[in-house]
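Notes follow the structure.
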Amino acid sequence: MGGAPALLFRFLILAQGAGLVASAILAGIFLPDDEGIQDHAMQALPNETNRASLRTNSQIRGEECSMESGRILAIDVGSTTTKALLFQKNGDHYRLTHRFNAPTTVEAPYEDVMVGVNNAIRGLEHETGWHLLEGGQLITPARAGDGVDLFACTSSAGGGLQMMVTGVMRELTAESAERAALGAGAVVLDIICLDDNKTVLEKVGRIRELRPDMILLAGGTDGGALSHVIAVAEFIRAAKPKLRFGNSFRLPVVYAANADGREQVREMLGGTMRVEVVPNIRPTLEEEHVEQARDEIHRLFLEHVMAEAPGYATLVQWSQSNILPTPAAVGDILQALAASEEANVVAVDIGGATTDVFSVMFGKFNRSVSANLGMSYSITNVMAQAGIGAIMDWLPVELPEGEVRNWAANRMIRPTTVSQNQLQVLLEQVFAREALRLSMEHHRTVAVGLKGIQQRRQVADILNQTRTGRPLVDPFQVDIIIGSGGILSHSDRRQALAILLDGLQPTGITRLYIDSVFMLPHLGIISRVNPKAAMQLLRDECLLPMGTCVAPVGKARPGQVVATVKYRRPDGRAGVERVVAGEIKVVPLAAGEEMALEVIPIRNFDAGEGPGKPVYGTARGGLAGLIIDGRGRPIQHEVRSEQRRAAIRRQLAALGAYSESQLAALEAAAKKGVCPSGPARTGDYPRPHHREDPPPDPARRGQCAGGRHGGGLFHHRQNRTAARGALRHRGGQGAGH
Amino acid sequence: MAKELGIDPADTEGASRVAVGDKVLEDQVIARVDHGVFGGGVVELRSPVEGVVEFISNAYGRMLIRERQKEAQPPFVVNAAQKLDIPAWRLRWHTAVKEGDEVKQGQMLAADPYSVYASAVFSPVAGVVEKICSHTGEIHVRRPYRPVLLDAYIPGRVVEVIPEFGARIATTCGFIQGVFGLGFEAYGRLRVAVDSPEAVLDAAAITAHDRGSVLVGGSLVTLAALRRAIELQVAAIIVGGANNGDLVQVLGREIGVGITGQEELGLTLIMTEGFGRQPMARPAFDLLAQNAGRAVSVNGTTQIRAGAIRPEVIIPLDER
Chain Z
1 MGGAPALLFR
11 FLILAQGAGL
21 VASAILAGIF
31 LPDDEGIQDH
41 AMQALPNETN
51 RASLRTNSQI
61 RGEECSMESG
71 RILAIDVGST
81 TTKALLFQKN
91 GDHYRLTHRF
101 NAPTTVEAPY
111 EDVMVGVNNA
121 IRGLEHETGW
131 HLLEGGQLIT
141 PARAGDGVDL
151 FACTSSAGGG
161 LQMMVTGVMR
171 ELTAESAERA
181 ALGAGAVVLD
191 IICLDDNKTV
201 LEKVGRIREL
211 RPDMILLAGG
221 TDGGALSHVI
231 AVAEFIRAAK
241 PKLRFGNSFR
251 LPVVYAANAD
261 GREQVREMLG
271 GTMRVEVVPN
281 IRPTLEEEHV
291 EQARDEIHRL
301 FLEHVMAEAP
311 GYATLVQWSQ
321 SNILPTPAAV
331 GDILQALAAS
341 EEANVVAVDI
351 GGATTDVFSV
361 MFGKFNRSVS
371 ANLGMSYSIT
381 NVMAQAGIGA
391 IMDWLPVELP
401 EGEVRNWAAN
411 RMIRPTTVSQ
421 NQLQVLLEQV
431 FAREALRLSM
441 EHHRTVAVGL
451 KGIQQRRQVA
461 DILNQTRTGR
471 PLVDPFQVDI
481 IIGSGGILSH
491 SDRRQALAIL
501 LDGLQPTGIT
511 RLYIDSVFML
521 PHLGIISRVN
531 PKAAMQLLRD
541 ECLLPMGTCV
551 APVGKARPGQ
561 VVATVKYRRP
571 DGRAGVERVV
581 AGEIKVVPLA
591 AGEEMALEVI
601 PIRNFDAGEG
611 PGKPVYGTAR
621 GGLAGLIIDG
631 RGRPIQHEVR
641 SEQRRAAIRR
651 QLAALGAYSE
661 SQLAALEAAA
671 KKGVCPSGPA
681 RTGDYPRPHH
691 REDPPPDPAR
701 RGQCAGGRHG
711 GGLFHHRQNR
721 TAARGALRHR
731 GGQGAGH
Chain V
1001 MAKELGIDPA
1011 DTEGASRVAV
1021 GDKVLEDQVI
1031 ARVDHGVFGG
1041 GVVELRSPVE
1051 GVVEFISNAY
1061 GRMLIRERQK
1071 EAQPPFVVNA
1081 AQKLDIPAWR
1091 LRWHTAVKEG
1101 DEVKQGQMLA
1111 ADPYSVYASA
1121 VFSPVAGVVE
1131 KICSHTGEIH
1141 VRRPYRPVLL
1151 DAYIPGRVVE
1161 VIPEFGARIA
1171 TTCGFIQGVF
1181 GLGFEAYGRL
1191 RVAVDSPEAV
1201 LDAAAITAHD
1211 RGSVLVGGSL
1221 VTLAALRRAI
1231 ELQVAAIIVG
1241 GANNGDLVQV
1251 LGREIGVGIT
1261 GQEELGLTLI
1271 MTEGFGRQPM
1281 ARPAFDLLAQ
1291 NAGRAVSVNG
1301 TTQIRAGAIR
1311 PEVIIPLDER
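As you go down the protein sequences, you meet chains Z and V in turn. Letter by letter, the first sequence follows residues 1 to 737 in this note's numbering. Letter by letter, the second sequence follows residues 1001 to 1320 in this note's numbering.
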C-alpha cells in the first residue's frame, strides 16, 4: 500500500474495541520464537498456581490430540487486537479450549493483516502444541491432530466497512438505507439526501472527501418520481470518489432505489463504478425490505473491499468466504439467540472510541453506533454530553470535580493507558454508566418504525393521535440484555452487573448477561456455518448469566414500598419481597435455576402491564440471582450529596459489587487523590480477579483456557508478559503516545 | 437551463457545450440547441460569470458554475426604486437591509407593501450591501472577496512549491511534542516565565511586555493566568499541565472528542504532560530555557485517534 492510503488508514482506524488497546500495545508487535514465549512466560509467572496451570495445559494436550475433527478456529481482526479463539468438539459439545490475542498489523510498517493473524495462530500453536500452520498455510481440514476443520473470521480493522448512504428524503428512504447499512455492520460515514441542507457542491465534495468503501443508493418508491433518484446518482457521478484500498476494482454502488431507475443509473454510473441492483428497500412508504441490500453489501464487502485491503486476500481464501464485518457477525448471533429464545434482545458493546447497541425486537434487528461515546478516546465526550454532574452522581465516595475532570481528560489524551488503582477503576465504571445510558438513548432514536406511512384512523382515534416513526425498543418488552466490551467483560462480574443495571436501567422483568471474553463476533460467523454449535457455545461459553432484574417504573419517595414480588421455586419454596423505593434487594438464585414471579406494583407504578396491574413471569438465575430494583426509572438520585453517596453505597453493597471494606478503602484512597503517584502511563496493571466466576467443571478441568475459567485470565496474562519480554528482547521499545 | 433552452431536463447534458471541470468565461456560450426553423431556431445560453463548471444535472436541467472571485469585479447594481416604483429619496424607507449587511442570493433587499401591487426587490447574488443610494435609488451588492493570506509558520527555506496547493519549507530546528493543545499556528519570542518546571504560572508573571510572545510555564497555568494572557494578547503558552475545568471556562464549552486546533481562543496552548498540575519534563524545560529569546513556532492542533496528531513547538535554529 502506498504512502497516501497508509496515511488515510491511520486516520480511519478509530475503532471498535479500542478498550483493548492496552493489551495490544503491551503485547508488542512481534511474537518471539516459541522458546522465547516459554522463557518469558515462565519468568513472569508470579506463583505456583500459574505454573500449575501451564502444566495442566500441557497435560491436556495428549487427550485432545486424539480428536481428529470438530476443531474450529475463529479470529476477530479488530482495530487494535486480533483475537483468536480455538473451539474443540468434545462429545456432543464444543468448548472454548484456547485463545490468544496479538496486535493487529493492518497499519504501517506492516500493512499486512496476516502478520497479526499468523502471530495469533502461532500463539495458539504454542499453547496447544498442535500444528495449525504448514508452509504459511492453514492446515484445514484437521488431520492427525493438527490443523482445524473450520476457519471463520470477522474484521473491523482499518475502520471496518465504511459506507456512505444516500436517499431522497432524510426521514424516509435515507433512514431506511442507514438502517440497512448499519445492520450490515458498516460504519455510516455520512448520509446524502436532497433535504440535508447541503448545497450541491457540498454534497459532491463530501462524497469525494470521505472515500467510502461502498455506496448504498436508495430513494423513491417503486413507480414514484424518478428525477430525485437520478439527481442523487448525479451527485455520486460528479464526485467520482476514489477507493480507500487498491485501484484494481471499481467502487461498488448498491442500487436499492426506485425500480424504474435501474437502467438509467446503471448507464450513468456503470462506466466508472460497479452498480449492483437489489430490490428497492422502500418499495412503498409502508414497506421496508433491507435484507437483500444487507446480503449484497456483505457479498461486495467480501469480493471487493476485503480483497483489496492489505493482506485480506489470504484471509478470504483461508476462510472460504466465512468472513464478515464484526458488527454484522454480532448481529447474526443476536438474531439467532432472539429466535431460539423467542425473546427480545438488546446488546451493548462498549469500546474505547465507540459504543454499539444492537436490538432484536419482535424479530426486527437494529444497530446503532454512538461514534463518540467510549471509554478512552471519547471519554471526555461522555462528560460533555452527560454533564459532569450526572457522572459525579454515581460516585459512592467524595471526590473533587476537578480531579474527576482531569482524570478523564488524561485518559482521553493517553487512550492506551489503563487504570492504576481501584479508584481509577471506579471512575471508569461511573463513566461507563453514562456512556451506556447515552448510547441507549441514541439507539432509541435510530431503532424506530417507518416514518411517513399512512395510518388509518377511526373516529374513536380523534383523541388518540399517534405519530409515525415511534421507537421500536420498548424497555418493558426487552427480555434479555447482554453487556460486552472491555469495561464489562474485564471488570469484576458483579461490578459489571452494576454498570449494566445503572447504565441501561432495565424495566419490567429482564434477564441480564455479560459476554465473558467478547466472543459474540466469533460465534456470529460460526453461526453461518454451524448454527447449532454457535448456539451451544453462546449458552455454555459466552454468556455469563447475571440473573433477572425486576424493576417497576414510577416515582415515589425513598423508603416507600412500591411493589410486592412473590416468587415460587420449582421445589415449592416460596417467598415475598417488598420493593422499596431507592433500594436494591437480591434474592439468591443460582445459574440454571428458575422461579415463577408475580410482581404487584402499587397504583402509580408500572411493572409492564400498566399502573397497578400485576405482572407474571419467570426469573432465571445467575451470579447475582433475582435483583429487585426499586429505584424507579429513570433513576433519580438524592439531591443531597451525603445521602446520595450513602444510597449508592447501599446499592453497590446489595449487588455485591463492592463490600463495605472495599468502599472504606476507596473512601480513604479518595482523600489521597485519583492519581497519588502521578498520571497513568501505558504499562502493566493488575488484572481484576473474577472472584465469582464459577469454578471449572472437574470433568473439563484444565481444558478451557478462556472465558469464565481461571485459565483464560492466566493465558491472557501470559500472552502479555511474553510479548513484553519480547519487547525487552528487542531493546525495550515501548509504546508511547 | 433546460427551461431557458426549452428542452427536456434529461437533455441538458446533450445541449451543453462545456463539460464538468471546464473553465468558462463570462458571456461564453455554454449550451446551444437548434429547435429548427419552425421551432424557434437556435437558442444559446451564455455563462453569466467567469468560472469553472462544477456540475451538470439532467435531473433538474441545471448547470452549476463556480464563479472565480476577482477583487476588481464591479458590484451588482439593483435599481430598487425603479422596480418598486417609488421616488429614489424614499428608498431607505423601504429597504430591509443596511450597508455592510451580508445578503444571500434571493434575499429581499427592499419592499413596498403599500403599493397597489405589493412588490419586493431581491438580491441577484450573495454578497455584501455596499451602498444604498437615495439619489439614484440603487442598491449596490458586492460579491464577497476574501483573499487567502497564508503565513509561512516557520522561518526557513522553500524547498518545494506544490502548484495550487502549498509549499514545503525546511529548517533546522529543535522540536518538542506536547500531548494536548488548543488553538492553531502561532509564533513569537520565547520567554520563560517561571523559575523551574515545577513552578505554577500565575497571572502576576504575565506582563504587558509579553504581548505577541510565547511564554513557558512550569507545572500548571492558572485560570487567571490564562485570562490575563488572552487579555494581553500573548501568542502562546507552553506548560506542563492545565486544569480541564479551567480550559472549559476559558473555551465556554466542554472539550468533547480530542480533536482540537480550531479554537478561537486568542491564545495557543501547548500542554507537554497532561491535565492537572504536572511538572514539565526537565529536558523539554531546559531546551526551552536555553532558547529563550528566539522566535519559535507553535501549533496546538491535536487529534487523538489512530494516526494521532500532537501539538508541537518548533525552535528554528538557523534564524536569519
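Heads up, the beta-carbon is just placed ideally off N, CA and C, and yes, glycines get one too.
Who are residue i's beta bridge partners in DSSP?
i	result
ALA585 of chain Z	A small correction: the amino acid at residue 585 of chain Z is Lys; Ala does not occupy that position in the sequence shown. BP columns for LYS585 of chain Z point to Z:ILE628.
ASP146 of chain Z	Z:ARG143
GLY271 of chain Z	Looking at the DSSP assignment, GLY271 of chain Z forms no beta bridge with any residue, so it has no partner.
GLN505 of chain Z	Its beta-bridge partners do not exist; DSSP assigns none.
GLU594 of chain Z	Z:ARG620
Can you grab the Cα-Cα spacing for the pair residue i / residue j, in whole Å?
i	j	result
GLU398 of chain Z	ASN1243 of chain V	19 angstroms
LEU1201 of chain V	TRP394 of chain Z	34 angstroms
GLY19 of chain Z	ILE350 of chain Z	Below a pLDDT of 50, predicted positions are generally treated as unreliable, and GLY19 of chain Z, at 33, falls in that range; no measurement from the model is reported.
ALA1186 of chain V	LEU132 of chain Z	56 angstroms
HIS289 of chain Z	ARG262 of chain Z	17 angstroms
ALA1015 of chain V	ALA174 of chain Z	32 angstroms
ALA1088 of chain V	GLY1137 of chain V	4 angstroms
GLY331 of chain Z	PRO614 of chain Z	34 angstroms
PHE746 of chain Z	LEU520 of chain Z	Missing from the structure shown is residue 746 of chain Z; chain Z here goes from 1 to 737 and no further.
LYS364 of chain Z	VAL448 of chain Z	10 angstroms
GLY1256 of chain V	ARG433 of chain Z	17 angstroms
ALA646 of chain Z	PRO396 of chain Z	7 angstroms
GLY966 of chain V	GLU1263 of chain V	Nothing can be reported for residue 966 of chain V, as the shown portion of chain V is limited to 1001 through 1320.
VAL587 of chain Z	LEU497 of chain Z	15 angstroms
PHE1055 of chain V	LEU269 of chain Z	15 angstroms
CYS193 of chain Z	GLU1231 of chain V	45 angstroms
Grab the span of the beta strand (DSSP E) containing residue i for me, first residue to last.
i	result
GLY485 of chain Z	From DSSP, GLY485 of chain Z is part of no beta strand (DSSP E); its letter is neither H nor E.
GLN162 of chain Z	161–166
GLU125 of chain Z	Run containing GLU125 of chain Z: none in the beta strand (DSSP E); it sits in the alpha helix (DSSP H), 113–128.
THR154 of chain Z	150–155
GLY1188 of chain V	1186–1192
GLY575 of chain Z	574–580
ALA1295 of chain V	1295–1299
Would you mind reading off the limits of the alpha helix (DSSP H) that contains residue i?
i	result
GLY205 of chain Z	200–210
GLN88 of chain Z	Counting along the chain, GLN88 of chain Z falls outside any alpha helix (DSSP H), though it belongs to the beta strand (DSSP E) covering 81–90.
SER176 of chain Z	173–183
ALA231 of chain Z	227–239
LYS532 of chain Z	531–537
PHE662 of chain Z	Residue 662 of chain Z is actually Gln in this sequence, not Phe. Segment 660–672, the alpha helix (DSSP H) holding GLN662 of chain Z.
HIS1135 of chain V	Element bounds for HIS1135 of chain V: n/a, residue is neither H nor E.
ARG645 of chain Z	641–655
HIS443 of chain Z	422–446
PRO327 of chain Z	326–341
PRO1316 of chain V	Careful: PRO1316 of chain V lies outside any alpha helix (DSSP H), inside the beta strand (DSSP E) at 1312–1316.
LEU1223 of chain V	1223–1231
LEU1251 of chain V	1244–1251
ILE1175 of chain V	A small correction: the amino acid at residue 1175 of chain V is Phe; Ile does not occupy that position in the sequence shown. Careful: PHE1175 of chain V lies outside any alpha helix (DSSP H), inside the beta strand (DSSP E) at 1173–1177.
LEU1091 of chain V	1091–1094
LEU300 of chain Z	291–300
Just to check my reading of the structure: residue i and residue j have Cβ atoms closer than 8 angstroms, yes? What is that Cβ distance to the nearest angstrom?
i	j	result
ARG294 of chain Z	GLY183 of chain Z	5 angstroms
LEU1182 of chain V	LEU1265 of chain V	6 angstroms
ASP515 of chain Z	ILE482 of chain Z	6 angstroms
THR354 of chain Z	LEU373 of chain Z	7 angstroms
HIS98 of chain Z	ASP540 of chain Z	Going by Cβ atoms, the distance from HIS98 of chain Z to ASP540 of chain Z rounds to 16 angstroms, so no, they are not a contact pair.
Complete runs of the beta strand (DSSP E) confined to the segment 348–400 of chain Z [at least 3 residues]:
You should have 355–361, 364–370.
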